[in-house]
Amino acid sequence: MNSRAEHELCILYVYHRLDETTVRHFNLLKQYNAHHCIIPLTDAADEQLPGTVDVRAFSGPWVSLDGWRGCDTVLLRWFANRNVSAKRYVFVEWDCLCTVDLADAYAEIWNAECAARDLFLPGEKRDTSKGRYVEAEWPHFQEIERLPEADRKFAAGLVPFAGMFFSHAALQAFLDHAPVVDVISELRVGTALRKAGVPVTQFPRSLKRAIRWDPHPYMPASDGFFHPIKPAVVRPRSSTCSVLLVIGRGDDRLAARLQSIGAQTRLPDELIVVDDGASYFAKRAVRKFSKQAPFRIRNVVHDNRHGYAESIKEAFSLSEGDVLFFCDRGDVWDPEKIDASLRFMRDGGHEVVTHDWSEMVGGARRARSYFDHLAKIGLGAPAALHGGAMVAHRSFFATWGWPGERHGISLRLWMALISCVVGSRGYLRRTLVTRHKPSAGQRGLDRMLRRQRDPNVEQIGASEMDLVLLSGLSTDDVCASEELRRVLAAASEHMLEPEKYHNAANAVCQHARRLEEQVMAERRPPYAAYRYLQRALGG
1 MNSRAEHELC ILYVYHRLDE TTVRHFNLLK QYNAHHCIIP LTDAADEQLP GTVDVRAFSG
61 PWVSLDGWRG CDTVLLRWFA NRNVSAKRYV FVEWDCLCTV DLADAYAEIW NAECAARDLF
121 LPGEKRDTSK GRYVEAEWPH FQEIERLPEA DRKFAAGLVP FAGMFFSHAA LQAFLDHAPV
181 VDVISELRVG TALRKAGVPV TQFPRSLKRA IRWDPHPYMP ASDGFFHPIK PAVVRPRSST
241 CSVLLVIGRG DDRLAARLQS IGAQTRLPDE LIVVDDGASY FAKRAVRKFS KQAPFRIRNV
301 VHDNRHGYAE SIKEAFSLSE GDVLFFCDRG DVWDPEKIDA SLRFMRDGGH EVVTHDWSEM
361 VGGARRARSY FDHLAKIGLG APAALHGGAM VAHRSFFATW GWPGERHGIS LRLWMALISC
421 VVGSRGYLRR TLVTRHKPSA GQRGLDRMLR RQRDPNVEQI GASEMDLVLL SGLSTDDVCA
481 SEELRRVLAA ASEHMLEPEK YHNAANAVCQ HARRLEEQVM AERRPPYAAY RYLQRALGG
């Protein structure tokens, strides 16, 4: 036993048959992790990968009537008879696709005793389906009665077993406390580690998106560590995209906007135009563009003004694309805006993407990069809140819906705050829009923020009043006040249950709006915006 070699990381590749997928996934694993110890394990395959340890040669007390349900027994039999030891172990099944160094993939939980995607406990209404959480108890808790009576109070599910991360001590604790009865692997390991008092760390978002219980529907387009990728998985179809455009009074630069949409290297599949009281010249520009555009255009004209919020919602209801682009007043698009945004969204698995933009104010360039501008005044990318720089997948709205009157917030803030909290927002650091503004607006806010040096606030979200709300609702930022911190904690607890989350988010919005109303009663904008920010920060 003392002759065992010790490694930083040991990767255990478990398979049950030698087929094309098993071989391809093993070769990719070796290609990206050649400097780590990789040991292929099997309990059934007669044809084997080079260097395979066949655990059928080892006896063990654990009962498993099915290879899939009992894949943990392969690990246990190997660990009890190993001639190699490591500080850390990762369990990789044959249907795991790995195109990264696993030390990098697990860097955030590198010093954990044990890490898994999910930890489920009996009585919790929490499970996953198609990569999303659902309000239902994990079905394999039906097997608790099979556990020894003394172990039942420790019942827990670590899900899925694939991708699970162990320290050497945690794996030894699993070996020492594993129930020997026939239960599914995830129940056996969860119960054993809970009984042994081993702390379990849940995966960070980067791994949660890639490691799941049920199969990925498409082959991943980016590098990473994914489970499960089955042989029948196909390459994803190309996403269709819709551009949503609302035009109204004083809509200048409309012709330039339309031309920039028509000059895209990846053209949209459709353009939805909602005319909400546009001028004669704007109507004429749309008619002219419609005659020459190489994609479908749908133009809806309102007899009476409905307002932007209702008009953009109508445009959304008429659209058919998978990915939605919003073209705001004064925006001129870079020719690669659609193509770059689609690739970034696909590769990162984001539901909402915010890209960088430049600003022209009164004909003079104010900022070549708004992300850089925010950084100079102490803000991060979550404070980038220009609707024309936001791209959203339709699945976001299928889950979270549309902001209603009870929320009292804009669409752009709705997309930003929810995607920040649930971790589905990505930031593309590439300038893809030039935004033309007629005047400096609330430029004074930036000067005020430079003077803000509150040690209790690490990052403030404000160049408009709405950004205070965003800073209070993003888990990446510090909340703007103690009350927002308190309500955010409640929101975070329920972020996987949309209705409860909406209620908590609504409470945050109501609190911030009360602050706004108090300040607006004292002064007129734009000075009211300064006072609002100071009040929200407790100043």
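Letter by letter, the sequence shown follows residues 1 to 539 of full-length UniProt numbering.
All residues carry an ideal CB built from backbone N, CA and C; glycine is no exception.
- Counting only the Cα atoms, Q264 lies some 7 Å from K337.
- One alpha carbon belongs to Y370, the other to A278, and they sit about 29 Å apart.
- Cα atoms of R88 and A170: separation of roughly 9 Å, rounded to the nearest angstrom.
- Under the three-state reduction of DSSP output, S410 falls in the coil class, being neither helix nor strand.
- For R287, there is no enclosing beta strand (DSSP E); the enclosing alpha helix (DSSP H) has its first and last residue at 280 to 292.
- For S424, the secondary structure class from DSSP, reduced to helix, strand or coil, is coil.
- Excluding sequence positions up to five before and after A367, its CB lies within less than 7 Å of the CB of S358, E359, H373, all in the same chain and listed in chain order.
- Partner residues in the beta bridge of D127, as assigned by DSSP, are V134.
- Within the DSSP bridge table, the entry for P40 names Y13 as partners.
- Going by DSSP, L49 is part of no alpha helix (DSSP H) at all; its letter is neither H nor E.
- Counting every other CB atom within 10 Å of its CB across the protein chains shown gives W68 a total below 16, marking it as exposed.
- Here E113 has S167, A170, V198, P199 as same chain residues with Cβ atoms under 6 Å from its own Cβ, once five neighbours each way along the sequence are excluded.
- Under the three-state reduction of DSSP, S317 is assigned to helix.
- Boundaries of the alpha helix (DSSP H) around D176: 168 to 177.
- Residue range 20 to 32 is occupied by the alpha helix (DSSP H) that includes N27.
- Cβ-Cβ distances below 8 Å link V181 to V63, R146, L147, P148 in the same chain, with the five nearest sequence neighbours on each side left out; the list follows chain order.
- Taking the Cα positions, S317 is about 12 Å away from V300.
- About 30 Å separates the CB atoms of F289 and E351; that is not less than 8 Å, and the two are not in contact.
- Taken atom to atom, the span from the alpha-carbon of A156 to that of C10 is near 25 Å.
- Residue state for A107 is assigned as helix, using DSSP reduced to three classes.
- Separation of Q202 and D151 (C-alpha to C-alpha, rounded to the nearest whole angstrom) is 22 Å.
- Here DSSP, grouped into helix, strand and coil, assigns Q264 to coil.
- With 16 or more neighbouring CB atoms inside 10 Å of its own CB, V14 falls in the buried class.
- By the neighbour-count criterion, in which 16 or more other beta carbons inside 10 Å mark a residue as buried, P40 falls on the buried side.
- Take the alpha-carbon of N304 and the one of S311: they are about 11 Å apart.
- Leaving aside the five residues that flank A178 on each side, the residues in its chain whose CB is nearer than 7 Å to its CB run, in chain order, W62, L76, R188, A192.
- With distances taken between CA atoms, G163 lies nearest to I229 out of A383, I229, P139, D276.
- Per DSSP, A392 is one residue of the beta strand (DSSP E) stretching across 390 to 393.
- Look at the stretch 180 to 241 and you find these whole runs of beta strand (DSSP E), each 3 residues long or longer: 200 to 202.
- For G348, there is no enclosing beta strand (DSSP E); the residue is part of the alpha helix (DSSP H) that begins and ends at 337 to 348.
- Here E135 is exposed: its Cβ has fewer than 16 other Cβ atoms, across all protein chains shown, within 10 Å.
- For N299, DSSP records a beta bridge to V273.
- Taken through DSSP and simplified to helix, strand or coil, T399 comes out as helix.
- If you draw a 10 Å sphere on the C-beta of S242, you find 16 or more other C-beta atoms in it, and that means buried.
- Cβ neighbours of R209 within its own chain (closer than 6 Å, five residues either side excluded): G349.
- For T354, the enclosing beta strand (DSSP E) stretches over residues 352 to 361.
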